[in-house]
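Reviewing the structure listed below.
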Amino acid sequence: MSTSDRPAPTRRRVFAAAGTAGALAAVAAVLPGTSRPVAAPAAPAEPAPPSGGGYQLSEHVQRYYRTARV
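Right, dumping it as structure tokens:
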């Protein structure tokens, strides 16, 4: 079948195909029995110091400050 024999894709068909693909992806995401990667357990948090503690400049905070620089 040559390309001139095919009907031109209309905007309605393109959106219908995109909607169908999205619906199929949503169904596949909620199907039971699909394997999902399991996240590693989080490291235990350090206990708060007896004097109250508060703001701590942790590696996470430093990484945020590095990425937020202008």
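Residues in the sequence shown are numbered consecutively from 3, following the numbering used here.
Just so you know, even glycine gets a beta-carbon here, dropped at the ideal spot from N, CA and C.
Extent of the continuous alpha helix (DSSP H) to which Gln64 belongs: Here the alpha helix (DSSP H) through Gln64 covers 61 to 70.
By Cβ distance below 8 Å, which residues in the same chain neighbour Thr12 in space, the five residues on each side in sequence not counted? Taking C-beta separations shorter than 8 Å and ignoring five residues to either side along the sequence, Thr12 has no partners in its chain.
Let's see if you can read the secondary structure: which residues bound the alpha helix (DSSP H) around Ala25? Start and end: 13 to 32.
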